[in-house]
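Student:
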């Protein structure tokens, strides 16, 4: 059975945002498992690290972008089976950080249940890289922040939080529609942060063109404007 | 006047969690500014990087741990003045990430107003490193997360969020007192994550001993237990 599994966050698009520790572990493990969302499709996480791990044994794990938990379970279990049958130390990589909305967390849970030794190596998250790209801090002092996947309950929390992050949606435009009459907030949109085709925009809601930001690797940072 | 300022997140205690980019920039800049909270006290951020930057020109910036914004302003302006009078490229380092509750963000704002070229280099945040240390993901699927500095409004949001992070307080015990009767949550406490003297604890609120966690570099992760 597998000796140890490293869950490694490889950060965002800029491969220099990898940590020294992630690089060290990627170089020493016997195999690297890379997530793909569709057969034949490139792994974004692997694209970030591939220049560092030339010649390494790499195997794909399929995690399709579907919502049905019962169907997904089959894919997590397939992944578990592949990982368990290795004999040495392996890495499973993920974009961003492994603790924040990562597909890896499901396999992590299954591995834990099997008593496998696991070490998590954190990565740079898109929430921080996006704030940097926009040139604004996420939160200062005693400001409150929340992350609402798919914009859930945005119309409620818009009145209560200083900073709101909307992520995990392909349709930011629709999710932000609910607050379109608010002018006490500024909105930053970021797509594929630090990738070569990164796009950013910042302004009041009615000034923004969302067309180029309807992509799964996009997020919105909504910040209250202090009067 | 200073040519360019890098705001660099040096991550948590483990110096291997520095990014490749942070290391590259730290080695090339002409000077590194390091924050201290008191004259004569060591800079935690500098302790993380010092083995990498032997012989570099290093200067301290004093940011005392006080709350009075008017008094703090003087310190930010002193820092600004020191940075502006440099002639080359400099780095200002900060623990964690520069966009999340970082003292750097105030100097960042002043530098922006002066038209100085600024580049932010993200770092590993204690919120992710703490989840790793506890062995739990922060959020999965469509779970909502919020960060409440000093536990502000915890008694309200405990009913609405899947994961709540309480940070920026020296007194976690008092801040969590408000929810002590809840048994539908599990609480993870982490002090000085990835430092040599890291401490963690996880359990129901009434099982936890907070005594060792009343430290400014501590945080609590409160997670709803799914039935």
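Residue numbers (full-length UniProt numbering), protein chains in the order written: chain X, 1 to 227; chain E, 1 to 227. Beta carbons: idealized from backbone N, C-alpha and C, even for Gly.
Any Cβ of chain E within less than 8 Å of the Cβ of residue 105(X)?
Tutor: Position 105 of the first chain holds residue 105(X). Judged by the 8 Å Cβ criterion, residue 105(X) is in contact with chain E.
Student: With 8 Å as the threshold, decide whether the Cβ of residue 201(E) is near any Cβ in chain X.
Tutor: Your numbering for residue 201(E) matches position 201 in the second chain. Not one chain X Cβ lies under 8 Å of residue 201(E).
Student: Based on the DSSP output, what are the partners of residue 35(E) in its beta bridges?
Tutor: The residue you call residue 35(E) lines up with position 35 of the second chain. DSSP, once it has assigned bridges, lists 61(E) as partnering residue 35(E).
Student: Could you compute how far the alpha carbon of residue 8(E) sits from the alpha carbon of residue 91(E)?
Tutor: For the purposes of this step, residue 8(E) is taken as the residue at position 8 of the second chain. For the purposes of this step, residue 91(E) is taken as the residue at position 91 of the second chain. C-alpha separation (whole angstroms): 7 Å.
Student: Can you tell me which of the three DSSP states residue 17(E) falls into?
Tutor: Taking the first residue of the second chain as 1, we reach residue 17(E) at position 17. Looking at residue 17(E) - three-state DSSP - the assignment turns out to be helix.
Student: So, are the CB atoms of residue 124(E) and residue 17(E) less than 8 Å apart?
Tutor: Along the second chain, one-based indexing puts residue 124(E) at 124. Along the second chain, one-based indexing puts residue 17(E) at 17. It is a contact, given that the beta carbons lie within the stated cut-off.
Student: Bridge partners for residue 6(X) per DSSP, in chain order?
Tutor: As a working note, residue 6(X) is residue 6 in the first chain. BP columns for residue 6(X) point to 91(X) and 119(X).
Student: Just the C-alpha distance for residue 33(E) and residue 217(E), rounded to the nearest angstrom, thanks.
Tutor: In the second chain, the residue the question calls residue 33(E) occupies position 33. In the second chain, the residue the question calls residue 217(E) occupies position 217. Going from the Cα of residue 33(E) to the Cα of residue 217(E) covers about 21 Å.
Student: In angstroms with no decimal places, state the Cα-to-Cα distance between residue 5(X) and residue 114(X).
Tutor: Locating residue 5(X) in the first chain gives position 5, counting from the first residue. Locating residue 114(X) in the first chain gives position 114, counting from the first residue. The alpha-carbon atoms of residue 5(X) and residue 114(X) are separated by roughly 12 Å.
Student: Secondary structure at residue 187(X), three-state DSSP: helix, strand or coil?
Tutor: The residue labelled residue 187(X) in the question sits at position 187 within the first chain. In this structure, residue 187(X) counts as strand in the three-state DSSP scheme.
Student: Anyone know if the C-beta pair for residue 187(E) and residue 86(E) falls short of 8 Å?
Tutor: Here residue 187(E) refers to the residue found at position 187 of the second chain. Here residue 86(E) refers to the residue found at position 86 of the second chain. No, these two residues do not count as a Cβ contact at 8 Å.
Student: Kindly list, in the order they appear in chain E, the residues whose Cβ is closer than 9 Å to that of residue 83(X).
Tutor: To locate residue 83(X), count along the first chain from 1; it is residue 83. Within 9 Å Cβ-Cβ: nothing; residue 83(X) doesn't reach chain E, min ~17 Å.
Student: Less than 8 Å between the beta carbons of residue 222(E) and residue 164(E), yes or no?
Tutor: As a first step, residue 222(E) must be located in the second chain, where it is residue number 222. As a first step, residue 164(E) must be located in the second chain, where it is residue number 164. Result yes, Cβ atoms of residue 222(E) and residue 164(E) sit closer than 8 Å.
Student: What span of residues does the alpha helix (DSSP H) with residue 218(X) cover, start to end?
Tutor: Residue numbering aside, residue 218(X) sits at position 218 when the first chain is read from its first letter. Run containing residue 218(X): none in the alpha helix (DSSP H); it sits in the beta strand (DSSP E), 218-224.
Student: Whole-angstrom Cβ separation of residue 138(E) and residue 100(X), contact assumed at under 8 Å?
Tutor: By 1-based counting over the second chain, the position of residue 138(E) is 138. By 1-based counting over the first chain, the position of residue 100(X) is 100. Rounded, the Cβ-Cβ distance is 5 Å, consistent with contact.
Student: In angstroms with no decimal places, state the Cα-to-Cα distance between residue 157(E) and residue 12(E).
Tutor: Walking along the second chain from the start, residue 157(E) turns up at place 157. Walking along the second chain from the start, residue 12(E) turns up at place 12. If you take the alpha carbons of residue 157(E) and residue 12(E), they lie about 27 Å apart.
Student: Which partner residues does residue 139(E) have in the DSSP bridge list?
Tutor: As a first step, residue 139(E) must be located in the second chain, where it is residue number 139. DSSP output for residue 139(E) lists 100(X) as bridge partner(s).
Student: Taking the CB atoms as reference points, tell me whether residue 208(E) and residue 189(E) lie closer together than 8 Å.
Tutor: Here residue 208(E) refers to the residue found at position 208 of the second chain. Here residue 189(E) refers to the residue found at position 189 of the second chain. Going by C-beta atoms, residue 208(E) is nearer than 8 Å to residue 189(E).
Student: Please list the residues of the stretch 137-150 of chain X that have a C-beta atom closer than 8 Å to any C-beta atom in chain E, keeping them in chain order.
Tutor: Answer in chain order: 137, 138, 139, 140, 141, 142, 143, 144, 145, 146, 147, 148, 149 and 150.
Student: Tell me which residues share the same chain as residue 119(X) and place their Cβ nearer than 6 Å to its Cβ, disregarding the 5 neighbours each side in the sequence.
Tutor: Your numbering for residue 119(X) matches position 119 in the first chain. Within the same chain, residue 119(X) has close Cβ partners 6.
Student: Rounding to the nearest angstrom, what Cα-Cα distance links residue 151(X) and residue 44(X) in this structure?
Tutor: What you label residue 151(X) is simply residue 151 of the first chain in a count that begins at 1. What you label residue 44(X) is simply residue 44 of the first chain in a count that begins at 1. Spanning the two alpha carbons is a distance of roughly 24 Å.
Student: Distance, Cα to Cα, residue 27(X) vs residue 52(X)?
Tutor: Mapped onto the first chain, residue 27(X) falls at position 27. Mapped onto the first chain, residue 52(X) falls at position 52. The alpha-carbon atoms of residue 27(X) and residue 52(X) are separated by roughly 8 Å.
Student: Considering only the alpha carbon of each residue, which of 142(X), 168(X), 178(X) and 133(X) lies closest to residue 201(X)?
Tutor: Position 201 of the first chain, counted from the start, is the residue given in the question as residue 201(X). If we check each option's Cα against that of residue 201(X), 133(X) comes out closest.
Student: In chain order, what residues of the same chain lie with their CB nearer than 6 Å to the CB of residue 102(E), ignoring the 5 residues before and after it?
Tutor: In the second chain, counting from the first residue as 1, residue 102(E) sits at position 102. So the qualifying residues of the chain are 94.
Student: Just to check my reading of the structure: residue 20(E) and residue 23(X) have Cβ atoms closer than 8 Å, yes? What is that Cβ distance to the nearest angstrom?
Tutor: Sequence index remark: in the second chain, residue 20(E) carries index 20 (1-based). Sequence index remark: in the first chain, residue 23(X) carries index 23 (1-based). Indeed, because the Cβ distance is near 7 Å, the residues count as touching under 8 Å.
Student: In three-state terms, what does DSSP make of residue 199(E)?
Tutor: As a working mapping, residue 199(E) is identified with position 199 in the second chain. Residue state, collapsed to three classes: strand.
Student: Label residue 225(X) either buried or exposed according to how many other C-beta atoms from any shown protein chain fall within 10 Å of its C-beta, with 16 as the threshold for buried.
Tutor: By 1-based counting over the first chain, the position of residue 225(X) is 225. Residue 225(X) should be labelled exposed.
Student: Can you tell me whether residue 166(E) is helix, strand or coil according to DSSP?
Tutor: Position 166 of the second chain, counting from 1, holds the residue named residue 166(E). DSSP places residue 166(E) in strand when its eight states are reduced to three.
Student: For residue 76(X), decide whether its Cβ has a neighbour in chain E, counting only Cβ atoms nearer than 8 Å.
Tutor: The residue given as residue 76(X) occupies position 76 in the first chain. Chain E, which has no Cβ nearer than 8 Å to the Cβ of residue 76(X), makes this no.
Student: In chain X, which residues lie with their C-beta within 9 Å of the C-beta of residue 24(E)?
Tutor: Here residue 24(E) corresponds to residue number 24 of the second chain, with the count starting at 1. Under the 9 Å cutoff, chain X gives 16.
Student: Using a Cβ cut-off of 8 Å (strictly closer), state whether residue 99(E) contacts chain X.
Tutor: As a working mapping, residue 99(E) is identified with position 99 in the second chain. Cβ-Cβ to chain X under 8 Å: yes for residue 99(E).
Student: Spell out whether any CB of chain E is found under 8 Å from the CB atom of residue 131(X).
Tutor: Numbered from 1 along the first chain, position 131 holds the residue referred to as residue 131(X). Residue 131(X) counts as touching chain E.
Student: Flag this pair as yes or no: are the beta carbons of residue 37(X) and residue 63(X) separated by less than 8 Å?
Tutor: Translated into positions along the first chain, residue 37(X) becomes position 37. Translated into positions along the first chain, residue 63(X) becomes position 63. Taking 8 Å as the Cβ cut-off, residue 37(X) and residue 63(X) qualify as a contacting pair.
Student: Using the Cβ count rule (16 or more neighbours within 10 Å means buried), how would you classify residue 66(E)?
Tutor: Translated into the one-based positions of the second chain, residue 66(E) becomes position 66. The residue is exposed, with fewer than 16 neighbouring Cβ atoms inside 10 Å.
Student: Name the residues in the stretch 164-179 of chain X whose C-beta lies less than 8 Å from a C-beta of chain E; which are they?
Tutor: Residues passing the 8 Å Cβ filter: 168.
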